[in-house]
Amino acid sequence: MSRRTDRVRELMKRELGVILERDYEFPGRIVTILEVDLTPDLKQAFVYVSVLGAKGSGGEQDVIEKLNLNRGRIQRPLYKRVIMRSSPQLIFRLDDSTERAVHLLNLIEALPEPVEDEVPENEADTD
1 MSRRTDRVRE LMKRELGVIL ERDYEFPGRI VTILEVDLTP DLKQAFVYVS
51 VLGAKGSGGE QDVIEKLNLN RGRIQRPLYK RVIMRSSPQL IFRLDDSTER
101 AVHLLNLIEA LPEPVEDEVP ENEADTD
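Here the numbering used here is used: the sequence shown runs in plain steps of one and ends on residue 127.
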């Protein structure tokens with residue numbers, strides 16, 4: 001991707017975060033924009049979203065559905081701030097990498113401490 005496309009992606013990511021924080025509520029959940037990917041023809045923008053605090057309740061999909069249903073209301077203020085020839089259609093997708101990372105860290109922390117084999121000093125010196 002070109003530097004310009006990278007800058008547009010980062011600007012869209014930042015502005016989407018501001019719009020969601022300001023205009024939308026997700027009770028009991030933390031919603032974060034992780035990545036914005038633009039198709040080469042700039043007709044679509046895939047927005048990858050992390051949802052924390054909704055594990056096991058189907059809450060992640062509820063948030064994604066809400067975002068996709070409100071896509072038009074989200075796009076209007078976004079494209080007033082991010083000026084482009086054509087405005088890509090936003091498509092929100094769940095990115096669960098943060099949830100997986102937290103789960104892996106919890107598993108690692110739950111592991112017992114490794115037990116080192118103790119070798120008597122006089123046996124360790126023999127070659």
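Even glycine gets a Cβ: it sits at the ideal position worked out from N, Cα and C.
What does residue i pair with, by DSSP beta-bridge criteria?
{"i": "T32", "result": "S50"}
{"i": "A45", "result": "L38, L90"}
Please state whether the Cβ-Cβ distance between residue i and residue j is less than 9 Å.
{"i": "L42", "j": "M84", "result": "yes"}
{"i": "V63", "j": "L38", "result": "no"}
{"i": "R81", "j": "F46", "result": "no"}
{"i": "L52", "j": "V115", "result": "no"}
Residues in its own chain within less than 6 Å of residue i by CB, not counting five upstream and five downstream?
{"i": "R22", "result": "none"}
{"i": "E35", "result": "Y48"}
Is the Cβ of residue i closer than 9 Å to any Cβ of chain B?
{"i": "S50", "result": "Looking for chain B here will not work: only one protein chain is present."}
Got a sec? Which residues, its chain only, sit under 8 Å from residue i by beta carbon, not counting five neighbours each side?
{"i": "S97", "result": "L34, S50"}
{"i": "D95", "result": "L34, E35, Y48, V49, S50"}
{"i": "N70", "result": "Y24"}
Write down the C-beta distance between residue i and residue j rounded to the nearest angstrom, noting that I regard them as a contact closer than 8 Å.
{"i": "G59", "j": "R100", "result": "No, G59 and R100 are not in contact; Cβ-Cβ is about 16 Å, not under 8 Å."}
{"i": "P88", "j": "I19", "result": "Contact flag wrong, Cβ pair sits at about 15 Å."}
Return yes when at least one heavy atom of the ligand MN lies under 8 Å from the C-beta of residue i, else no.
{"i": "R100", "result": "Ligands displayed in this structure: none; no statement on the ligand MN is therefore possible."}
Short of 7 Å in beta carbon distance, which residues of its chain neighbour residue i, apart from the five on each side in sequence? Order them along the chain.
{"i": "Q44", "result": "P88, Q89, I91"}
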